[in-house]
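Trainee: Would you mind keeping the following structure in view while I ask a few things?
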Amino acid sequence: MFKPFALATLSAALLAACAAAPGSKPAATTTAPQGAKLDLAILETTDVHSNILSYDYYKQKDDPTLGYERVATLIRNARKEFPNTFLFDSGDTIQGTVLADYQATVKPIGCDTELSMYRAMDALGYDGGTAGNHEFNYGLSFLSQVTGTPMNVEGGSDKACAGPHFPLVLSNVFSARDENPIFKPWTIVEKTVTATTPDGKTVNVPLRVGIIGFTPPPIMEWDKRNLEGKVTVTGVMEAARRYMPEVQAQHPDLIIGILHGGLNTEPYSPTMENGGWYLAGVPGMDALLLGHSHTEFPGPHYAGMAEVDAKRGLVRGVPAVMGGFFGKDLGVIRMTLKREGDHWVVDKSASHSEVRPICAKKDDCVAPDPSIAPLVSDAHQAAVAYVNTPIGSSDHRMSSYFADVGDMSALSVVTAAQRDYVTEQLGREHPELKNVPVLSSASAFRTGFGGPEDFTDVEAGPLTIRNAADLYFYPNTLAAVKVDGKGLKAWLETSATRFNRIDSKTTAAQPLISKKLPGYNFDQIQGGIQYVIDLSRPDGERITSLRYKGKPVKPDQTFVVVTNNYRASGGGSFPGLDGSNIVLNAPDGNREVVIHWIEAKKNITRADVEKTSWRFAPMKTAGDVTFVSASGKEDVARESGLKNVRQLKDNGDGTAVYTIDLSK
């Protein structure tokens with residue numbers, strides 16, 4: 004049973020812990036005089052994805068280019084630099100590494116144990132945070148437990164388990180049972196700060212900051228299996244209109260929106276994934292903390308966006324920041340407040356944002372905070388031992404360095420394992436689909452977005468759970484959908500937007516990869532089909548020679564395609580995939596399916612998997628067609644059969660520019 008008193012008690016405890024966090028000062032009673040000035044720094048982490056340590060669990064080595072333990076150093080440095088700071092997190096915090104999976108699914112922690120990620124954050128003393136979409140990946144029961152938040156939802160708990168020592172706020176997710184928010188939608192955080200009076204003296208005064216949190220509404224599609232029937236979601240603007248008046252009624256000195264989302268100027272809808280631009284226009288919103296997009300704001304990615312200053316970090320005049328991802332950066336909003344009458348007013352002309360990287364340049368990264376690693380040492384070592392469990396062997400290398408140009412070695416084991424699983428399941432659960440062809444879809448999740456180390460690379464030889472986790476990066480569950488030939492082609496056409504349209508007559512170098520589609524949405528489908536991608540054609544007209552077992556695919560031909568719960572439920576906005584045509588929602592994760600398939604096969608050979616299912620249409624170009632991958636990997640391309648790939652330029656940062664000869 005849900006206990007309001009338990010929740011209220013917990014909330015009070017969280018606020019008390021927040022008030023006593025490192026860096027806070029005793030409550031002040033002095034009121035700032037008219038004309039006083041207050042310089043404030045709002046610090047933000049986002050999309051840390053449980054990268055607590057500067058360590059790559061898949062390559063089993065240190066990685067100084069990421070890790071919360073290094074962001075912690077930036078936080079401590081910022082607190083020395085700025086006398087007045089608040090620290091917040093914008094979500095996607097508890098999922099994303101082997102360590103996170105280990106504590107959630109392999110050996111789940113108990114109610115009395117605090118999650119390692121939160122232990123590390125508590126060492127720095129956060130003032131608040133929100134939940135991102137990936138917070139829901141392990142289910143509501145786990146989320147309720149590890150956040151210390153009793154939830155009146157199916158699978159939830161009224162126990163006040165060990166959670167973070169700071170408040171989490173979320174205003175747009177509600178229990179389907181009682182229609183109440185599953186987290187507090189907002190709260191007020193108070194801290195003593197130092198202001199300067201008009202005569203140059205300093206005075207300690209209280210500053211009350213209201214925080215309100217938002218998560219992407221599409222979580223109902225992305226985590227349908229965990230959330231359907233248990234919670235409801237509203238758009239971010241609908242939540243803001245509902246709760247901002249409540250926050251304002253408390254008369255805080257500032258109101259900060261903590262959004263796990265980015266910026267989008269397209270017409271607003273309640274299902275908008277990145278609603279930050281619209282939230283910035285909400286009256287009373289003084290600052291905005293962003294996330295989800297795995298990029299930096301301010302930054303060039305947002306140059307030219309309407310009413311956005313991508314250099315100073317203002318969105319419709321409101322200071323905003325997005326502090327990168329994976330513990331690579333710290334977001335900082337520097338604000339100046341002036342005392343006018345009985346309240347503080349933000350001087351927007353003197354306010355701006357910046358993103359501080361842990362690595363100023365290659366091989367120039369800040370040292371990790373020595374206090375973090377000991378806090379998570381036991382859990383880290385247990386996770387390392389787990390991923391080194393042997394499960395089989397392979398006679399060939401499986402990598403994603405050239406997944407964008409036809410090397411499916413890192414995908415073929417995944418597609419084969421998924422296809423075998425579903426073929427067996429359908430025979431038992433859906434005999435009416437027994438004779439329907441089963442195809443299998445996979446994406447190369449690690450394609451260099453996070454830097455030169457962000458690729459899958461499993462060498463020939465012994466295979467461990469670590470290798471399987473490298474091949475399938477996310478904790479998705481397996482799902483299968485029924486589509487016709489027309490829908491299959493539309494699926495592949497959407498995937499083909501990964502590429503730019505290539506002009507054969509252009510002599511200047513043309514980039515192969517478009518910014519329209521991230522690597523994790525570039526689905527490549529196997530299972531007896533073959534298709535050609537014609538880069539001379541516009542989007543929507545690129546898939547040619549689509550065949551199944553050598554025969555042209557008919558528009559009304561029926562297929563079952565194996566994928567994951569994210570894609571099957573509408574993730575990525577693929578046409579025809581909205582959850583309505585799911586024929587199998589498996590209880591097993593895609594990664595677990597791969598692990599068990601390898602264990603059963605024991606020794607994986609090239610003959611056990613399809614080599615590739617697609618190619619580019621031949622095209623002779625006047626100039627180079629280029630793409631970026633890790634440097635010095637031409638031999639990997641050759642080994643996979645790509646003899647038309649050549650390295651043009653080593654960028655000196657671990658990456659290189661390659662060219663592909665489309666005529667071959």
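In this note's numbering, the protein residues as written are 4 to 667. For each residue, glycine too, the CB sits at the ideal point set by N, CA and C. Nothing here was measured: the structure is a model prediction, and the numbers come from that model.
(1) Report all residues from its chain with a CB closer than 8 Å to the CB of serine 53; omit the five preceding and five following residues, and keep chain order.
(2) Among Asn207, Arg73, Ala640 and Ser444, which residue has its Cα nearest to the Cα of histidine 399?
(3) Could you name the residues of the same chain whose beta carbon sits closer than 8 Å to that of proline 455, not counting the 5 residues immediately before and after it, in chain order?
(4) On the three-state DSSP scale, how would you describe phenylalanine 329?
(5) If you reduce the DSSP assignment to three classes, tell me which class histidine 137 lands in.
(6) Exposed or buried, which one is cysteine 164 when buried takes at least 16 other CB atoms within 10 Å?
(7) Using C-beta distances below 7 Å, list every residue in its chain close to glycine 265, excluding the 5 sequence neighbours before and after it, in chain order.
(8) So, with DSSP's three-state summary, where would you put histidine 254?
(9) Tell me whether the beta-carbon of serine 643 lies closer than 8 Å to the beta-carbon of aspartate 312.
(10) What separation, rounded to the nearest whole angstrom, lies between the Cα atoms of glutamate 602 and isoleucine 394?
(11) For the beta strand (DSSP E) that isoleucine 598 lies in, which residues bound it at each end?
(12) Which residues in the same chain have their Cβ closer than 6 Å to the Cβ of tyrosine 424, if we skip the five residues on either side of it in sequence?
(13) Just the C-alpha distance for asparagine 647 and isoleucine 536, rounded to the nearest angstrom, thanks.
(14) When DSSP labels each residue in this structure, what does glutamine 98 get in the three-state scheme?
(15) Let me know the alpha helix (DSSP H) ranges lying completely inside the stretch 52-95, each 4 residues or longer, listed in chain order.
(16) For proline 360, which of helix, strand or coil comes out of DSSP?
(17) For alanine 471 and isoleucine 191, I'd like the C-alpha separation in whole angstroms.
(18) Could you pull out every unbroken beta strand (DSSP E) segment of at least 3 residues lying fully inside the stretch 264-346, listed in chain order?
(19) Mind checking arginine 228: buried by the 16 CB within 10 Å criterion, or exposed?
(20) Reducing DSSP to helix, strand and coil, say where methionine 622 ends up.
(21) Would you grab the beta carbon distance between phenylalanine 577 and threonine 497 for me? Rounded to a whole angstrom, and I think it's under 8 Å.
(22) Count the CB pairs spanning the stretch 617-630 and the stretch 531-548 that are closer than 8 Å, and state whether there are at least three.
(23) Serine 446 and glutamine 527 look like a contact to me (Cβ under 8 Å); what is the Cβ gap, rounded to whole Å?
(24) Based on the DSSP secondary-structure assignment, which residues constitute the bridge partners of arginine 649?
(25) What does the alpha-carbon distance come out to for the pair valine 369 and threonine 629?
(26) Taking the beta carbon of alanine 126 as the centre, do at least 16 other beta carbons fall within 10 Å, making it buried, or is it exposed?
(27) For glutamine 148, which three-state DSSP category applies?
(28) Does the Cβ-Cβ distance between glutamine 421 and valine 612 come in under 8 Å?
(29) Taking the Cβ atom as the reference point for each residue, do glycine 260 and isoleucine 215 lie within a distance shorter than 8 Å?
(30) For the stretch 474-553, list the alpha helix (DSSP H) runs that are entirely contained and at least 4 residues long, ordered along the chain.
(31) Are at least three pairs of beta-carbons, each pair with one atom in the stretch 42-58 and one in the stretch 316-335, less than 8 Å apart?
(32) Considering only the alpha carbon of each residue, which of Val236, Gly128, Pro188 and Trp189 lies closest to alanine 179?
(33) Please say whether leucine 262 and leucine 291 have beta carbons closer to each other than 8 Å?
(34) Going straight from the alpha carbon of glycine 592 to that of aspartate 542, what length do you get?
(35) Grouping DSSP H, G and I as helix and E and B as strand, with all else coil, what is asparagine 470?
(36) Can you tell me the Cα-Cα spacing of arginine 504 and leucine 515, whole angstroms?
Mentor: Working from what's here:
(1) As a first step, residue 53 must be located in the sequence shown, where it is residue number 50. Result list for serine 53: Thr96, Ile97, Gln98, Gly99, Thr100, Leu102, Ala103, Ser119 and Met120, in chain order.
(2) Looking up residue 399 in the sequence shown gives position 396. If we check each option's Cα against that of histidine 399, Ala640 comes out closest.
(3) For the purposes of this step, residue 455 is identified with residue 452 of the sequence shown, where counting begins at 1. So the list reads Ala633, Ser634, Asp656, Gly657 and Thr658, once near-sequence residues are dropped.
(4) Position 326 of the sequence shown, counted from the start, is the residue given in the question as residue 329. Looking at phenylalanine 329 - three-state DSSP - the assignment turns out to be coil, as it is neither helix nor strand.
(5) Residue 137 sits at position 134 when you count from the first residue of the sequence shown. In the structure shown, histidine 137 falls within a helical segment according to DSSP collapsed to helix, strand and coil.
(6) The count along the sequence shown starts at 1 and reaches residue 164 at position 161. Its Cβ being crowded by 16 or more others within 10 Å, cysteine 164 is buried.
(7) Locating residue 265 in the sequence shown gives position 262, counting from the first residue. Closer than 7 Å at Cβ, skipping near neighbours: Asn277, Gly279, Leu293, His295, Ser296 and Met325.
(8) In the sequence shown, counting from the first residue as 1, residue 254 sits at position 251. In the structure shown, the three-state DSSP call for histidine 254 is coil.
(9) Walking along the sequence shown from the start, residue 643 turns up at place 640. Walking along the sequence shown from the start, residue 312 turns up at place 309. Going by C-beta atoms, serine 643 is not nearer than 8 Å to aspartate 312.
(10) Start at 1 with the first residue of the sequence shown, and residue 602 comes out as number 599. Start at 1 with the first residue of the sequence shown, and residue 394 comes out as number 391. Rounded to whole angstroms, the gap between the alpha carbons of glutamate 602 and isoleucine 394 is 5 Å.
(11) Taking the sequence shown and counting its residues from 1, one reaches residue 598 at position 595. Run containing isoleucine 598: none in the beta strand (DSSP E); it sits in the alpha helix (DSSP H), 593-604.
(12) On the sequence shown, residue 424 is found 421 positions in, with the first residue counted as 1. Cβ neighbours of tyrosine 424 beyond the five flanking positions: Val596.
(13) To locate residue 647, count along the sequence shown from 1; it is residue 644. To locate residue 536, count along the sequence shown from 1; it is residue 533. Whole-angstrom Cα-Cα distance: 16 Å.
(14) Here residue 98 refers to the residue found at position 95 when the sequence shown is read from its first residue. The answer is coil: DSSP assigns glutamine 98 none of H, G, I, E or B.
(15) The stretch 52-95 contains these whole alpha helix (DSSP H) runs: 71-84.
(16) Taking the sequence shown and counting its residues from 1, the one referred to as residue 360 is at position 357. Strand, per DSSP.
(17) To locate residue 471, count along the sequence shown from 1; it is residue 468. To locate residue 191, count along the sequence shown from 1; it is residue 188. Taking the straight line joining both Cα atoms gives about 44 Å.
(18) Correct list: 290-292, 321-326 and 332-343.
(19) Taking the sequence shown and counting its residues from 1, one reaches residue 228 at position 225. Flag for arginine 228 reads buried.
(20) Within the sequence shown, numbered from 1, the residue matching residue 622 stands at position 619. Of the three classes helix, strand and coil, the one that applies to methionine 622 here is coil, per DSSP.
(21) Stepping through the sequence shown from its first residue, residue 577 is reached at position 574. Stepping through the sequence shown from its first residue, residue 497 is reached at position 494. With a Cβ gap of about 5 Å, phenylalanine 577 and threonine 497 count as contacting.
(22) A contact exists between the stretch 617-630 and the stretch 531-548.
(23) As a first step, residue 446 must be located in the sequence shown, where it is residue number 443. As a first step, residue 527 must be located in the sequence shown, where it is residue number 524. By a beta-carbon distance limit of 8 Å, serine 446 contacts glutamine 527. Their separation comes to about 7 Å.
(24) In the sequence shown, counting from the first residue as 1, residue 649 sits at position 646. Thr662, per the DSSP bridge assignment.
(25) The residue labelled residue 369 in the question sits at position 366 within the sequence shown. The residue labelled residue 629 in the question sits at position 626 within the sequence shown. Cα to Cα, valine 369 sits roughly 33 Å from threonine 629.
(26) Reading the sequence shown from its first residue, position 123 is the one you call residue 126. By the beta-carbon neighbour count (other beta carbons within 10 angstroms, threshold 16), alanine 126 is buried.
(27) Counting from 1 along the sequence shown, the entry for residue 148 is found at position 145. In the structure shown, glutamine 148 sits in a helix (DSSP, three-state: H, G or I).
(28) Position 418 of the sequence shown, counted from the start, is the residue given in the question as residue 421. Position 609 of the sequence shown, counted from the start, is the residue given in the question as residue 612. Taking 8 Å as the Cβ cut-off, glutamine 421 and valine 612 do not qualify as a contacting pair.
(29) Against the sequence shown, residue 260 aligns to sequence position 257. Against the sequence shown, residue 215 aligns to sequence position 212. For the pair glycine 260 and isoleucine 215, the CB atoms are nearer than the 8 Å cut-off.
(30) Counting only runs of 4 or more, we get 488-498.
(31) Yes, the stretch 42-58 touches the stretch 316-335.
(32) For the purposes of this step, residue 179 is taken as the residue at position 176 of the sequence shown. Of the candidates Val236, Gly128, Pro188 and Trp189, the one whose C-alpha sits nearest the C-alpha of alanine 179 is Val236.
(33) For the purposes of this step, residue 291 is identified with residue 288 of the sequence shown, where counting begins at 1. For the purposes of this step, residue 262 is identified with residue 259 of the sequence shown, where counting begins at 1. Yes, Cβ-Cβ distance for leucine 291 and leucine 262 is below 8 Å.
(34) Here the question's residue 592 lines up with position 589 in the sequence shown. Here the question's residue 542 lines up with position 539 in the sequence shown. Distance between the alpha carbons of glycine 592 and aspartate 542: 32 Å.
(35) Counting from 1 along the sequence shown, the entry for residue 470 is found at position 467. Annotated three-state conformation of asparagine 470 is helix, per DSSP.
(36) The residue you call residue 504 lines up with position 501 of the sequence shown. The residue you call residue 515 lines up with position 512 of the sequence shown. Cα-Cα distance, rounded: 8 Å.
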